[in-house]
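Below is one structure, written out as structure tokens, with a few remarks after it.
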Amino acid sequence: MWPKHKTEANDKFYQGTSGKLAKLRGMQARKPEYAVAVADVYATLAARKDFVRDHDLWVELYHRSVMMYPYQSRVAGLPFINVTKHNHVVPFYASLRLPPTVPLVHWDTHSDLNAIKDSGTLVGAAGRGDMHKVQDRCWDIGAAMTGVLLLPGPPRDMVWVTPSWVPDPETSLTYWKHRQSSGNVVLANCDTASQHPLALVRLYKARTACQGPSGTISVINLGRQQAAERFRRLLDLVPRGVFALDIDLDVFVCNGRPLRKALYMKEGYDVCSESRARMKELNDMPRDMYSKRTRQCYDLSRTFRKEVRLLEGRLRAFETQLRFLKREGRVPCAISISDSTGVSFTDCTSCSSTGNNYMPTYYAAFVNQKVLDILRRVY
Numbered sequence: 126m127w128p129k130h131k132t133e134a135n136d137k138f139y140q141g142t143s144g145k146l147a148k149l150r151g152m153q154a155r156k157p158e159y160a161v162a163v164a165d166v167y168a169t170l171a172a173r174k175d176f177v178r179d180h181d182l183w184v185e186l187y188h189r190s191v192m193m194y195p196y197q198s199r200v201a202g203l204p205f206i207n208v209t210k211h212n213h214v215v216p217f218y219a220s221l222r223l224p225p226t227v228p229l230v231h232w233d234t235h236s237d238l239n240a241i242k243d244s245g246t247l248v249g250a251a252g253r254g255d256m257h258k259v260q261d262r263c264w265d266i267g268a269a270m271t272g273v274l275l276l277p278g279p280p281r282d283m284v285w286v287t288p289s290w291v292p293d294p295e296t297s298l299t300y301w302k303h304r305q306s307s308g309n310v311v312l313a314n315c316d317t318a319s320q321h322p323l324a325l326v327r328l329y330k331a332r333t334a335c336q337g338p339s340g341t342i343s344v345i346n347l348g349r350q351q352a353a354e355r356f357r358r359l360l361d362l363v364p365r366g367v368f369a370l371d372i373d374l375d376v377f378v379c380n381g382r383p384l385r386k387a388l389y390m391k392e393g394y395d396v397c398s399e400s401r402a403r404m405k406e407l408n409d410m411p412r413d414m415y416s417k418r419t420r421q422c423y424d425l426s427r428t429f430r431k432e433v434r435l436l437e438g439r440l441r442a443f444e445t446q447l448r449f450l451k452r453e454g455r456v457p458c459a460i461s462i463s464d465s466t467g468v469s470f471t472d473c474t475s476c477s478s479t480g481n482n483y484m485p486t487y488y489a490a491f492v493n494q495k496v497l498d499i500l501r502r503v504y
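For the sequence shown, my numbering gives the first residue as 126, with consecutive numbering after it.
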């Protein structure tokens with residue numbers, strides 16, 4: 126499905142060369158003053174939030190901040206991981222060995238429930254504690270949640286919290302872990318009548334009766350709605366106690382194409398967030414610089430200011446939702462964040478890619494820090 130990423134994940138040239146370059150950058154990130162400098166630049170840029178004139182500065186800041194991810198293991202006192210590609214959270218959850226009664230609550234534009242080739246190998250590797258093999262099997266960003274749900278143990282419940290631009294209807298599907306004759310393990314649904322209408326929650330239709338314990342995959346669209354009945358449904362889906370909190374930053378702003386339901390059902394169609402602003406090249410002439418005095422720059426800045434207001438509204442709604450869950454006795458026991466944007470080979474040994482920029486790179490550092498601030502305030 127994603128052959129380019131599969132090549133990057135296994136190619137010795139990519140792995141070796143990018144690993145050496147990432148090591149050089151990582152040497153800088155280990156210095157205490159590095160984090161101080163990153164925080165200082167963030168505060169300066171965030172004070173004016175001009176993503177047009179400061180576009181290149183935001184991108185550079187993000188690429189610099191990524192180098193600190195390997196050293197961030199806790200947030201608000203909880204086990205934590207921050208990744209650029211969502212499938213890299215699978216070894217994190219495999220190492221935690223959370224009880225199967227702990228549900229996975231997944232804030233994302235995408236379900237991330239693609240099938241995994243040779244999934245039987247993944248299950249076996251997780252049981253042995255071979256995290257390198259686990260990562261090697263789950264190389265597809267669109268299979269991140271599949272990888273987590275396939276980890277050893279009884280099926281785990283999952284709640285997919287979608288943003289307002291995702292048209293998937295709210296539903297709950299029962300699934301089983303079904304081992305095929307080939308040895309692959311898939312998420313299977315034996316009740317074809319309850320199959321998901323828009324097919325983004327893709328469950329294998331087992332030809333034989335499903336046996337053993339089952340789990341539930343539920344979809345809820347909170348968007349920016351704060352109505353009491355929406356929160357009550359969230360409480361119904363997330364039982365009192367602890368849960369695993371998984372956040373994909375593209376739930377706040379997402380690249381893609383405007384929604385067309387007929388195309389949305391086709392595999393590979395990526396829907397974008399509402400009022401998606403598009404960056405344009407404004408300094409394509411030598412010696413020209415960004416200036417608010419030009420009409421073109423003024424119009425583009427106005428478009429981005431509108432999107433930033435929407436983005437900040439979504440972040441406030443997210444904080445309200447977390448506070449509501451906490452007030453009702455539902456708190457995370459582990460947290461994962463995926464930026465879902467591209468980074469260069471000098472930033473990451475195995476997650477470098479020129480594609481899959483669901484989160485615009487120039488927003489990534491801003492949104493990532495805002496989410497971390499929310500988590501620290503709430504928990």
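From the three backbone atoms N, C-alpha and C, an ideal C-beta is built for every residue, glycine too. What you are looking at is a predicted structure, and each value in this text was computed from that prediction instead of being measured.
Between the CA atoms of residue j and residue i - distance to the nearest angstrom
i: W183; j: F176; result: 7 Å
i: R501; j: Q494; result: 11 Å
i: A490; j: Q336; result: 45 Å
i: S289; j: L447; result: 17 Å
i: H303; j: D265; result: 20 Å
i: R189; j: P485; result: 16 Å
i: E444; j: H257; result: 34 Å
i: Y196; j: C315; result: 43 Å
i: L170; j: R430; result: 14 Å
i: I499; j: G467; result: 24 Å
i: V496; j: K174; result: 16 Å
i: V492; j: Y483; result: 13 Å
i: S220; j: A369; result: 13 Å
i: G381; j: D181; result: 21 Å
i: Y394; j: H213; result: 22 Å
i: V433; j: E185; result: 19 Å
i: A313; j: L298; result: 10 Å
i: A318; j: Y300; result: In this prediction, A318 scores a pLDDT of 49, lower than 50, which makes its location untrustworthy; the coordinate-derived value is nonetheless stated afterwards. Answer to the nearest angstrom: the Cα atoms are 13 Å apart.
i: R439; j: S306; result: 45 Å
i: E437; j: V163; result: 21 Å
i: R155; j: D371; result: 26 Å
i: G151; j: I462; result: 20 Å
i: P225; j: A251; result: 15 Å
i: A147; j: Y159; result: 15 Å
i: A166; j: L328; result: Looking at the sequence itself, residue 166 is Val, so the reference to Ala does not match. Using only the alpha carbons, I get a separation of about 45 Å.
i: T142; j: S339; result: 44 Å
i: G278; j: D243; result: 18 Å
i: V396; j: L374; result: 15 Å
i: L223; j: V161; result: 34 Å
CA nearest to the CA of residue i, picked from the options
i: K538; options: L359, L146, E399; result: Nothing can be reported for residue 538, as the shown portion of the chain is limited to 126 through 504.
i: I345; options: A369, M152, M283; result: M283
i: V215; options: A162, I460, E158, E437; result: I460
i: Y487; options: G340, W285, S465; result: S465
i: A442; options: L425, I462, V376, G381; result: V376
i: F217; options: M193, P225, G254, D179; result: G254
i: H235; options: Y389, T299, R150, L146; result: Y389
i: R357; options: F449, Y300, Y423, P338; result: F449
i: D179; options: S426, V291, E437; result: S426
i: G267; options: S339, N239, L435; result: N239
i: L247; options: V163, G308, V291, M193; result: G308
i: G249; options: L276, L436, L223, P225; result: L276
i: E295; options: G151, V456, I342; result: I342
i: V291; options: F205, D424, L384; result: L384
Local Cβ density within 10 Å of residue i, reported as buried at 16 or more and exposed below that
i: K386; result: exposed
i: V363; result: buried
i: T287; result: buried
i: A168; result: exposed
i: P280; result: buried
i: Y187; result: buried
i: K145; result: exposed
i: L149; result: exposed
i: M192; result: buried
i: Y423; result: exposed
Beta-carbon separation (whole angstroms), residue i vs residue j, contact threshold 8 Å
i: A269; j: D293; result: Incorrect: roughly 17 Å between the Cβ atoms, too far for contact.
i: I241; j: T271; result: 5 Å
i: V227; j: C458; result: 6 Å
i: R355; j: R455; result: About 15 Å separates the two Cβ atoms, so there is no contact after all.
query: Are at least three pairs of beta-carbons, each pair with one atom in the segment 195-204 and one in the segment 226-234, less than 8 Å apart?
result: The segment 195-204, when compared against the segment 226-234, does not touch it at the 8 Å Cβ threshold.
message: Is it the case that the segment 392-403 contacts the segment 254-263, given that we only count it when at least three CB pairs across the two stretches are under 8 Å?
response: No, the segment 254-263 does not touch the segment 392-403.
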